[in-house]
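Sequential numbering from 2 applies to the sequence shown in the working numbering.
Heads up, the beta-carbon is just placed ideally off N, CA and C, and yes, glycines get one too.
All of these numbers come straight from a predicted model, not from anything done at the bench.
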Amino acid sequence: MNALYDALKYGEKGLDLLLQALQDESIEVKNSAYFLLNTSPVLELRINALYDAIKYGDQGLDLVLPALQDKSIEVQFAAYSLLKDRQEPKVKQQLDNGLPFFEFEVVTVDVFGKINSRRRHYARYFTEDLGNGVGLEMVAIPGGTFQMGEPDKYNWEKPVHQVTIKPFFMSKYPITQEQWQAVMGDNPSDLKSVKLPVHNVSWRDAKEFCAKLSQKTRKNYGLPSEAEWEYACRAGTTTPFYFGEAITPDLVNYYGYKPYVSPPKGLFRHATQVGSFPPNSFGLYDMHGNFWEWCQDVWHDNYNGAPCNGSSWETGGVDDRVQRGGSWIGGYPSVGAIACRSANRSRKSLGDRDGNHGFRVAVTLPYLWQSFVTKVGTAYHFS
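Below, the structure written as structure tokens:
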């Protein structure tokens, strides 16, 4: 038995020993090997063990299945990748009980907006069926703590304060025109295209959509709080944008004649379809630019007295509501790249309808997190 514990020190040779022990006639030896492979602090060892274990028939399969509920999302994803195409009833049952993954590429840039890294990331999600082939993809956002605000810009982004966010789900894209049509039965947008974000919608209109979506799905959908929005946008980053220190029109749809700091001027284009640009590390698209997005909160001129638990701030302030993300239109308050920063805030009357305002939805579903817990406040990737 001590040999199994010592095997963890010897890399691939030790791993081979543990995997062979899964075939041992002794139940005690099998159980010990199983325990060690599942609890090793070396993440690479545990993932490699899954890829080797799948070769060992039912016993190997019994090792891989519990990894779908591992505390590490890297291990969860490795197990999911190995099992997603298998047809055994016990495998299909486990997969049906969990949330699937999607893969995507995340890029980062230097201060000049030049891409300096590309990485594969992955996230869990579920899809709401809105009817007539229209779906609404909701991405799992892990809980965590972050610093909200920006110390070196505008007074309304201060003071920087720590906020703790509980796990929730946010729509992968801004609500599209086909999704709005499926729920509301009309399309108020000027620029018509099923994959464009719905626009010309007021804060009140967005809330009505959430109410009807909730009734349709029997879930409690709403607008994200301002804190949830910024946390989801940052996706673990502390830079002005989730891409890094800068953005370019190749990464974000904004008024390219007004760059941020070092990058050169770029294109001025009209509205773009959702998903046209790379996502952040949580798997959310278009959080920077394209269309402003409504949040639940009333407007306050600064963060003095703001909640620190991620809830919306709906006392005091004024009747205007918060909008986030910036847009493709130039001119105040859509002033190019600077308006697209993760920390940037703007305001609009809750009854106003404009051609550069949209929204996305959020929902809290604690029961979906009980079996699928991700690491807190971290972006995950395979290099």
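Helix, strand or coil at residue i according to DSSP, with G and I counted as helix
i, result
"N156", "helix"
"E106", "strand"
"E45", "helix"
"G359", "strand"
"S384", "With a pLDDT of only 28 at S384, under the threshold of 50, the placement of this residue in the model should not be trusted; the figure read from the coordinates follows. The answer is coil: DSSP assigns S384 none of H, G, I, E or B."
"Y123", "strand"
"L131", "strand"
Residue i - containing beta strand (DSSP E), residue span
i, result
"A141", "135-142"
"F112", "The residue asked about is misnamed: residue 112 is Val in this sequence, not Phe. Careful: V112 lies outside any beta strand (DSSP E) and carries neither H nor E."
"G145", "145-149"
"S172", "169-172"
Cβ-based burial, residue i [other Cβ within 10 Å; buried from 16]
i, result
"S335", "Low per-residue confidence applies at S335: pLDDT is 49, beneath 50, and the placement is therefore not dependable enough to give any value."
"T177", "buried"
"T239", "exposed"
"N291", "buried"
"P101", "exposed"
"N156", "exposed"
"R342", "buried"
"V76", "buried"
"E106", "exposed"
"R119", "exposed"
"E104", "exposed"
"S263", "exposed"
"Q94", "exposed"
"D153", "exposed"
"R125", "buried"
"D59", "exposed"
"G245", "buried"
"G186", "exposed"
"P67", "exposed"
"E179", "buried"
"G132", "exposed"
Start and end residues, alpha helix (DSSP H) containing residue i
i, result
"V164", "Per DSSP, V164 belongs to no alpha helix (DSSP H); it is in the beta strand (DSSP E), 162-166."
"Y81", "74-84"
"D97", "90-97"
"D63", "58-65"
Below-7 angstroms beta-carbon distance, residue i vs any chain C residue
i, result
"F360", "The structure shown contains no chain C; it is built from a single protein chain."
### Query
For the segment 219-281, which segments carrying the alpha helix (DSSP H) assignment without a break, of at least 4 residues, lie completely within its bounds, in sequence order?
227-235
### Task
Return the chain-ordered ranges of every alpha helix (DSSP H) run that is complete within the segment 281-351 and spans a minimum of 4 residues.
none
### Message
Give the list of continuous alpha helix (DSSP H) stretches no shorter than 4 residues that lie fully inside the segment 182-223.
### Response
204-218
### Task
Please confirm if the segment 300-307 is in contact with the segment 191-207, defined as three or more CB-CB distances below 8 angstroms between the two stretches.
no
### Query
Is the segment 227-240 touching the segment 76-95, taking contact as three or more C-beta pairs under 8 angstroms?
no
#### Entry: Segment contact, 8 angstroms Cβ cut-off, at least three pairs: the segment 109-119 with the segment 143-152
no
### Query
Looking at C-beta atoms only, is the number of pairs between the segment 263-276 and the segment 212-231 that lie closer than 8 angstroms three or more?
no
### Query
Are the segment 161-172 and the segment 192-212 touching by the rule of at least three beta carbon pairs closer than 8 angstroms?
no
### Query
Are at least three pairs of beta-carbons, each pair with one atom in the segment 320-329 and one in the segment 343-350, less than 8 angstroms apart?
yes
### Query
For the 8 angstroms Cβ check, are there 3 or more pairs between the segment 202-216 and the segment 272-291?
no
### Message
Is it the case that the segment 305-315 contacts the segment 152-171, given that we only count it when at least three CB pairs across the two stretches are under 8 angstroms?
### Response
yes
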